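> Just so you know, we're using the numbering used here here: the sequence shown kicks off at 182 and counts up by one.
For glycine and all other residues, C-beta sits at the position ideal for the given N, C-alpha and C.
It should be emphasised that the depicted structure is a prediction, and the values quoted were computed from it without experimental measurement.
Sharing a structure here in structure tokens format.
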Amino acid sequence: ERANAEAREKEARERAAFARAKPEAQRKAEQAAVERAVTEARERAVAEARERAAAAARANQQKNEKDLESFFNVGARPSSAPRSRPNSSDHQFNTQHGNRQGPEVARKTSDGASSSMKKACSTANVVDDLTSIFGEAAPLSGEFQEVEGEKEERRRAQLERHRRIQERAAKAIAEKNQRDLQAQEEQEERHRIADELDAEIKRWAAGKRGNLRALLSTLQYVLWPGCGWQPVSMADLVTGASVKKVYRKANLCIHPDKVQQKGFNIRQKYIAEKVFDLLKVVRRGIEHAV
């Protein structure tokens with residue numbers, strides 16, 4: 182009788198232990214499944230966002246190439262265009278270029294424009310995808326699931342962890358939405374001021390096509406006060422070495438990354454980007470022609 186009683190007690194303890202362990206195992210399995218589903222959905226969303234951003238960038242690049250050709254007034258010119266100072270040792274810095282400069286201007290400046298469009302498009306797509314991910318995962322993990330028979334200390338720890346996860350997710354979505362809104366507003370502002378600034382830059386560059394000395398010596402007329410540029414005269418641009426030195430200073434002053442770090446406004450960023458691309462294209466075209 183004692184042996185039978187001990188066997189029954191042992192069997193009852195095993196059943197009770199199994200009953201207590203089963204909800205915990207089930208909860209862990211469900212949690213792992215939810216985490217896997219969220220991770221897979223996030224990876225798919227990021228991949229799709231990248232594909233959409235690449236497609237949008239290609240489309241924008243094709244459009245920007247046409248717009249930039251019109252902006253810089255780049256057209257087909259005879260290959261026998263005259264060159265200034267043919268007898269100077271550094272004549273390449275004043276060389277007037279023909280057909281090869283047009284595609285170069287459009288290609289280089291369109292790279293910067295398509296890069297900006299790609300970033301804005303990628304940010305918007307990723308935000309939308311992450312929002313949909315968290316929205317779909319909310320019914321699974323939005324409410325705290327209590328386990329019957331769980332210790333109070335462990336239950337409080339699980340509840341606190343669940344609360345922190347929810348707060349981090351909400352904060353991440355809010356920050357991404359804020360960045361997306363800021364990028365959208367900046368892009369709309371760029372479109373709004375593009376016509377005015379393009380005309381202003383075009384007037385400044387008129388008559389100086391391919392003439393790096395003329396562009397550098399009049400740079401102060403297109404840049405804004407407080408940008409850090411110190412005007413130079415044509416007397417400071419006599420030799421090729423002096424032109425290279427002033428060109429490097431201009432690059433450091435109006436490089437898009439430097440302008441971004443200094444916290445200038447959208448209008449100033451737009452001017453710096455266009456002038457930087459124009460100077461770079463003119464310099465590269467001169468080097469290719471030599």
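Grab the span of the alpha helix (DSSP H) containing tryptophan 410 for me, first residue to last.
That residue, tryptophan 410, is in no alpha helix (DSSP H); it is neither H nor E in DSSP.
> Using 8 Å as the cut-off, can you tell me whether the region 428-435 makes contact with the region 392-403, which would need three or more C-beta pairs spanning the two stretches below that distance?
Verdict: yes, contact present.
> Leaving out the 5 sequence neighbours to the left and right, which residues in its chain are closer than 8 Å to lysine 450 when beta-carbon positions are compared?
Excluding sequence neighbours, lysine 450 sits near Pro437, Val440 and Gln441.
> How close, in whole Å, do the beta carbons of leucine 393 and valine 462 come, if the pair is a contact with beta carbons under 8 Å?
With a Cβ gap of about 10 Å, leucine 393 and valine 462 do not count as contacting.
> Would you report the Cα separation of asparagine 446 and alanine 240, rounded to the nearest angstrom?
Cα to Cα, asparagine 446 sits roughly 27 Å from alanine 240.
> With alanine 453 and isoleucine 435 assumed to form a contact (beta carbons below 8 Å), what rounded beta-carbon distance in angstroms separates them?
Confirmed, about 4 Å.
> How long is the line joining the alpha carbons of leucine 404 and valine 215, rounded to whole angstroms?
Roughly 55 Å between the two C-alpha positions.
> So is glutamine 282 buried or exposed if we call it buried at 16+ other beta carbons inside 10 Å?
Since pLDDT at glutamine 282 reaches only 41, below the 50 mark, its modelled position is unreliable, and no value is offered.
> What number of angstroms, rounded off, separates the C-alpha of glycine 316 from the C-alpha of alanine 222?
At glycine 316 the pLDDT is 43, less than 50, meaning the model places this residue with poor confidence; the figure from the coordinates comes in the next sentence. Taking the straight line joining both Cα atoms gives about 12 Å.
> Any idea if valine 419 is buried or exposed, counting beta-carbon neighbours within 10 angstroms, 16 or more meaning buried?
Exposed, by the Cβ-count rule.
> Measure the C-alpha to C-alpha separation of arginine 335 and glutamate 367 and round it to an integer number of angstroms.
Their Cα atoms are separated by approximately 48 Å.
> How many Å lie between aspartate 271 and arginine 373 at the Cα?
Low local confidence applies: a pLDDT of 41 at aspartate 271 is under 50, so the model's placement there is unreliable, with the coordinate-based value given in what follows. Each residue's Cα considered, the two are about 41 Å apart.
> On the three-state DSSP scale, how would you describe proline 406?
Correct three-state label for proline 406: coil.
> Would you tell me roughly how many angstroms separate the C-alpha atoms of arginine 196 and alanine 338, rounded to the nearest one?
The alpha-carbon atoms of arginine 196 and alanine 338 are separated by roughly 27 Å.
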